[in-house]
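Read through the structure below, which is laid out as structure tokens, and then see the notes.
Number of protein chains: 2
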Amino acid sequence: MAKSPKISASHEPGGLIVHISGLLPSLSPAEQRVARLVVADPADAARRTITDLATAAETSEATVIRFCRSVGMDGYPQLRIRLAAEAARRVEPPDARVVGGDIPPGADLAQIIATIAFNDARAVEETAEQLDPAVCEQVVEAIGGAGRIDVYGAGASGFVASDFQQKLHRIGRTAFYFPDVHTALTSAALLGRGDVAVGISHTGTTSDVIEVLEQARSRGATTVALTNFPRSPITEVADFVLTTAARETTYRSGAMASRLAQLTVVDCLFVGVAARSRAKARKALEATAAAVQSHRVGSGRRRA
Amino acid sequence: MAKSPKISASHEPGGLIVHISGLLPSLSPAEQRVARLVVADPADAARRTITDLATAAETSEATVIRFCRSVGMDGYPQLRIRLAAEAARRVEPPDARVVGGDIPPGADLAQIIATIAFNDARAVEETAEQLDPAVCEQVVEAIGGAGRIDVYGAGASGFVASDFQQKLHRIGRTAFYFPDVHTALTSAALLGRGDVAVGISHTGTTSDVIEVLEQARSRGATTVALTNFPRSPITEVADFVLTTAARETTYRSGAMASRLAQLTVVDCLFVGVAARSRAKARKALEATAAAVQSHRVGSGRRRA
DNA sequence: CCACGGATGAAACTTACTTTCATGAGGCGT
DNA sequence: ACGCCTCATGAAAGTAAGTTTCATCCGTGG
Numbered sequence: 001m002a003k004s005p006k007i008s009a010s011h012e013p014g015g016l017i018v019h020i021s022g023l024l025p026s027l028s029p030a031e032q033r034v035a036r037l038v039v040a041d042p043a044d045a046a047r048r049t050i051t052d053l054a055t056a057a058e059t060s061e062a063t064v065i066r067f068c069r070s071v072g073m074d075g076y077p078q079l080r081i082r083l084a085a086e087a088a089r090r091v092e093p094p095d096a097r098v099v100g101g102d103i104p105p106g107a108d109l110a111q112i113i114a115t116i117a118f119n120d121a122r123a124v125e126e127t128a129e130q131l132d133p134a135v136c137e138q139v140v141e142a143i144g145g146a147g148r149i150d151v152y153g154a155g156a157s158g159f160v161a162s163d164f165q166q167k168l169h170r171i172g173r174t175a176f177y178f179p180d181v182h183t184a185l186t187s188a189a190l191l192g193r194g195d196v197a198v199g200i201s202h203t204g205t206t207s208d209v210i211e212v213l214e215q216a217r218s219r220g221a222t223t224v225a226l227t228n229f230p231r232s233p234i235t236e237v238a239d240f241v242l243t244t245a246a247r248e249t250t251y252r253s254g255a256m257a258s259r260l261a262q263l264t265v266v267d268c269l270f271v272g273v274a275a276r277s278r279a280k281a282r283k284a285l286e287a288t289a290a291a292v293q294s295h296r297v298g299s300g301r302r303r304a
Numbered sequence: 001m002a003k004s005p006k007i008s009a010s011h012e013p014g015g016l017i018v019h020i021s022g023l024l025p026s027l028s029p030a031e032q033r034v035a036r037l038v039v040a041d042p043a044d045a046a047r048r049t050i051t052d053l054a055t056a057a058e059t060s061e062a063t064v065i066r067f068c069r070s071v072g073m074d075g076y077p078q079l080r081i082r083l084a085a086e087a088a089r090r091v092e093p094p095d096a097r098v099v100g101g102d103i104p105p106g107a108d109l110a111q112i113i114a115t116i117a118f119n120d121a122r123a124v125e126e127t128a129e130q131l132d133p134a135v136c137e138q139v140v141e142a143i144g145g146a147g148r149i150d151v152y153g154a155g156a157s158g159f160v161a162s163d164f165q166q167k168l169h170r171i172g173r174t175a176f177y178f179p180d181v182h183t184a185l186t187s188a189a190l191l192g193r194g195d196v197a198v199g200i201s202h203t204g205t206t207s208d209v210i211e212v213l214e215q216a217r218s219r220g221a222t223t224v225a226l227t228n229f230p231r232s233p234i235t236e237v238a239d240f241v242l243t244t245a246a247r248e249t250t251y252r253s254g255a256m257a258s259r260l261a262q263l264t265v266v267d268c269l270f271v272g273v274a275a276r277s278r279a280k281a282r283k284a285l286e287a288t289a290a291a292v293q294s295h296r297v298g299s300g301r302r303r304a
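Chains as they are written, first to last, in full-length UniProt numbering: chain A, 1 to 304; chain B, 1 to 304.
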């Protein structure tokens, strides 16, 4: 089992559960059964013996051990302890909010709002917790010193890509976003050493984005991937991998929470880059803010 | 030496560590050595194997087991797990998050990440709390029954508008977004009774958006405003006002947190509308998901 | 069709945990 | 002082848990 580029295997400070759910799709079916049990109720899993857990997951002990290794643990006892710690730290969700789940059919709007907000907020928090500052730092460095930055993304991730592009542009970095694959490929072909290409894909399997990132990399550009799944194909064409931690399973809630998580990461990178050259960034920001000032009307509250 | 054989096993309020140190004097010398190690560093003890701990306490495994029983545990594994949980709970993050504030100049990336995530998550939560389900309900009704929906927004709010448009479109609602004011005005002029216009503006002062919303209203469309400021100009041209709760002060964090808050509201409306006609929405979603399927790589699981 | 590689569980194996038991050190009554 | 009882203690036996190995099976691509 070869290891991908820069996946910080040992780094999952934000929480084991989050880490595991990110890895979930990269696990074998039998291991996935184990993973689901663990994620569903970490405290309970910590109480079980390996044989017990194996039985519950309808598999063998061997598979449970494999699962432990897959998620970066030494063995079952270590997993158990980590799970116990994790479960203890976690604040139990107050009510019957469907954690990472679907909205129940008969739900009224107040319930819907509570569920969405809860999941959204958690995705943001957990994403921040598991973000590796060291990798971020390197990405910030690369972007801050880049000659040109291309941001790629399709569908929902396209909005995020576009947002990132606009943000970078506002602080005076030369950044591009292309809604069209062909244009993006063309642009990627023109990148070179010292340039940066950022590919955003929740699933990490969007072929368009992967392709473009690959192209960029082959031209010598530094490539960065932003995905929810640390072992997805996109990570293979990235020099740096940043992950979100939206742990929803259904495509529906998925697209929602993951988008916020992605934006949070974008925000962090943005502020990081801005902080790197504070004076210049501030000046650029003020200039752009002034530019739209004439499109604002008075009488309302406004920012200073 | 009234060492009672049966110490209240079930209930040890205030934490296991406290409990252990409480009955430390009642333990035998060898057990006390074990207890002291455990109390001194629970997390470390949880990591050790029973033999290891016994050696460290200069005693035998048997004594460690006796100690476990003395403090009310079933056996060593249970103690281990409880200790891990305990240790996790007591080590509270030494939070240096700048609440609602700006990022300090000298901040390192880890700090930046924590601050952003905190503010982002709080904006989401607080927005949800103050959202009026009744108003949402009416908006959902209007959108769900609308002939056509126009979503307006400029700058950062433009992304949100665009996102909303795309979401509505995915569940089969006829929705439009226009990056260009003139086109938007044209479209607004074509709206009529039964149509819905949604204007998104963080400050509520974006004249372009207000203007377009006003136009839409004058044509008889139902108008909805999404803003952070309930008394801003945009609310004057809106039939329904939904507010976000990003309480940032600076332009920098402002644009970031407010965007997430807006998206959360969009999510709520979206799910509300989708839930309204569940079957139809689901079908539409599945169709759109299938449509992009061929653009994904790695059919099942990723990267073995 | 076969070769190959990965996934999987049965079983062998190792390590960790638990119990049993013999020893010996105090305490205490005679 | 002596014997006897009690209890702490660790050695060793015993049991259960965790880990490794390996043969089998299944799908994939030549």
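Note that beta-carbon positions come from the ideal geometry of N, C-alpha and C, so glycine has one too. The structure displayed is predicted, hence computed values, not measured ones.
- request: Give a yes or no on whether the minimum CB-CB distance between A:V271 and chain B is below 7 Å.
  value: yes
- prompt: Between which two residues does the alpha helix (DSSP H) harbouring B:I149 extend?
  reply: Not the alpha helix (DSSP H): B:I149 falls in the beta strand (DSSP E), residues 149-153.
- prompt: Do the CB positions of A:F240 and A:V135 come within less than 7 Å of each other?
  reply: yes
field: CB contact below 7 Å: B:A40 versus chain A
entry: So, not an interface residue.
task: Could you please give me the residues that DSSP links to B:S176 through a beta bridge?
output: According to the sequence as given, residue 176 of chain B is Phe; it is not Ser. DSSP, once it has assigned bridges, lists B:D150 as partnering B:F176.
query: Any idea if A:L16 is buried or exposed, counting beta-carbon neighbours within 10 angstroms, 16 or more meaning buried?
result: buried
- prompt: Roughly how many whole angstroms lie between the Cα atoms of B:D267 and A:M256?
  reply: C-alpha of B:D267 to C-alpha of A:M256: approximately 7 Å in a straight line.
query: Under the rule that 16 or more other beta-carbon atoms within 10 Å means buried, what is B:H19, buried or exposed?
result: buried
query: Name the residues in the segment 158-183 of chain A whose C-beta lies less than 7 Å from a C-beta of chain B; which are they?
result: Taking 7 Å as the Cβ-Cβ cut-off against chain B, the residues of the segment 158-183 of chain A that qualify are F159, S162, D163.
Beta-carbon gap between B:P29 and B:E86 smaller than 7 Å: Not a contact, by the Cβ cut-off of 7 Å.
- prompt: Closest Cβ-Cβ distance between A:R89 and chain B: below 7 Å?
  reply: yes
message: Comparing C-alpha positions only, which one of A:V39, A:P133, A:T49, A:A62 sits nearest to B:A114?
response: Comparing Cα-Cα distances from B:A114 to each of A:V39, A:P133, A:T49, A:A62, the minimum goes to A:P133.
message: Within 8 Å, do at least three Cβ pairs link the segment 205-221 of chain B to the segment 173-193 of chain B?
response: Yes, they touch.
- prompt: Applying the criterion that 16 or more other CB atoms from any shown protein chain within 10 Å of the CB defines a buried residue, is A:T235 buried or exposed?
  reply: Taking all protein chains in view, the Cβ of A:T235 is crowded by 16 or more other Cβ atoms within 10 Å, so the residue is classified as buried.
- prompt: Which residues share a DSSP beta bridge with B:L242?
  reply: B:L226
- request: Answer with yes or no whether the minimum CB distance from A:A146 to chain B is below 7 Å.
  value: no
query: If B:V140 and B:R231 are in contact, beta carbons under 8 Å, what's the gap, nearest whole angstrom?
result: Rounded, the Cβ-Cβ distance is 24 Å, inconsistent with contact.
- request: For the segment 127-154 of chain B, enumerate the residues whose C-beta is nearer than 9 Å to any C-beta of chain A, in chain order.
  value: T127, A128, E129, L131, P133, A134, C136, E137, V140, A154
- request: Give me the Cβ distance between B:T203 and B:F229, rounded to the nearest whole Å; I'm assuming they're in contact under 8 Å.
  value: 7 Å
message: Whether or not the segment 189-204 of chain B and the segment 120-128 of chain B are in contact is what I'm after, with contact meaning three or more pairs of Cβ atoms, one per stretch, closer than 8 Å; do they touch?
response: no
query: Of the choices A:L260, A:Q138, A:F164, A:I171, whose alpha-carbon is the least far from that of A:T222?
result: A:Q138
field: Residues within the segment 257-270 of chain B neighbouring chain A, beta-carbon criterion of under 7 Å
entry: The residues in question are R259, L260, L263, T264, D267, C268.
- request: Run down chain A in chain order and give the residues with a C-beta less than 9 Å from the C-beta of B:A46.
  value: I81, A84, A85
message: Classify residue 324 of chain A: buried if its beta carbon has 16 or more other beta carbons within 10 angstroms, exposed otherwise.
response: What the structure shows of chain A is the stretch from 1 to 304, and residue 324 of chain A is not part of that stretch, so it cannot be assessed.
message: B:V237 and B:E214 - do their beta-carbons sit closer together than 7 Å?
response: yes
field: Enclosing beta strand (DSSP E) for A:V198 [first to last residue]
entry: From DSSP, the beta strand (DSSP E) with A:V198 extends over 196-200.
- prompt: In this structure, does DSSP put A:T205 in helix, strand or coil?
  reply: coil
query: Near B:A146, what residues of its chain come up, given a Cβ to Cβ distance below 6 Å and the 5 sequence neighbours on each side ignored?
result: These residues qualify, in order along the chain: D195, V196.
- prompt: From A:A274, A:A261, A:T243, A:L53, pick the residue whose C-alpha is nearest to that of A:A23; which is it?
  reply: The amino acid at residue 23 of chain A is misidentified as Ala; the sequence shows Leu. With distances taken between Cα atoms, A:L23 lies closest to A:T243.
- request: Flag B:E141 as yes when its Cβ comes closer than 6 Å to any non-hydrogen atom of the ligand FAD, and as no otherwise.
  value: Ligands are entirely absent from the displayed structure, and the ligand FAD is therefore not among its contents.
message: Between the alpha carbons of A:V212 and A:Y152, how many angstroms are there, rounded?
response: 8 Å
message: Here's a check: name, in chain order, each residue in its chain whose Cβ is nearer than 8 Å to the Cβ of B:C68, leaving out the five neighbours to either side.
response: These residues qualify, in order along the chain: D74, G75, Y76, Q78, L79.
Whole-angstrom distance between A:A35 and A:R66, CA atom to CA atom: 11 Å
task: Return the first residue and the last residue of the alpha helix (DSSP H) that A:R231 is part of.
output: That residue, A:R231, is in no alpha helix (DSSP H); it is neither H nor E in DSSP.
message: Between the alpha carbons of A:Q111 and B:A261, how many angstroms are there, rounded?
response: Cα to Cα, A:Q111 sits roughly 17 Å from B:A261.
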